[in-house]
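The sequence shown begins at 1149 in the working numbering and counts up by one.
Ideal placement from N, C-alpha and C gives every residue a C-beta, glycine not left out.
Keep in mind it's a predicted model, so treat the numbers as computed, not measured.
Structure, as structure tokens:
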Amino acid sequence: PDPLAWADAGPFDVVIVHGALTMLPEIISRQIKPGGDLFVPLDDGGGVQQLIHIKKNVQGSFIIRSLGSCFFAGLEIAP
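Right, here's the structure in full:
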């Protein structure tokens, strides 16, 4: 199982990630229902973060927009 996703309970209408990621794992995007929303702080690897809103439309495509700069502690995946 992926520690960033709760696969047995999804997909969800809204997913909010409370820690910065440097990349968005595919498993998280699969956790969003069509018509659902994902909010995630993404770090460019150099410490600059943007709060990203990802909307999954009913066709399964994603609409991505930045909501502006932010600062969250980074998430680390345990081995």
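Compare the Cα-Cα distances from residue 1185 to each of 1175, 1194, 1171, 1200 and report the closest residue. As a first step, residue 1185 must be located in the sequence shown, where it is residue number 37. When each option's Cα is compared against that of residue 1185, the closest is 1200.
What are the partner residues of residue 1217, as DSSP defines its beta bridges? Taking the sequence shown and counting its residues from 1, the one referred to as residue 1217 is at position 69. Note: residue 1217 sits in a beta bridge opposite 1198.
Excluding the 5 residues flanking residue 1221 on each side, which residues of the same chain have their C-beta closer than 6 Å to its C-beta? Walking along the sequence shown from the start, residue 1221 turns up at place 73. 1167.
Just curious, the alpha helix (DSSP H) that residue 1177 is in, first and last residue? Residue mapping note: residue 1177 aligns to position 29 of the sequence shown, counting from 1. From DSSP, the alpha helix (DSSP H) with residue 1177 extends over 1174–1177.
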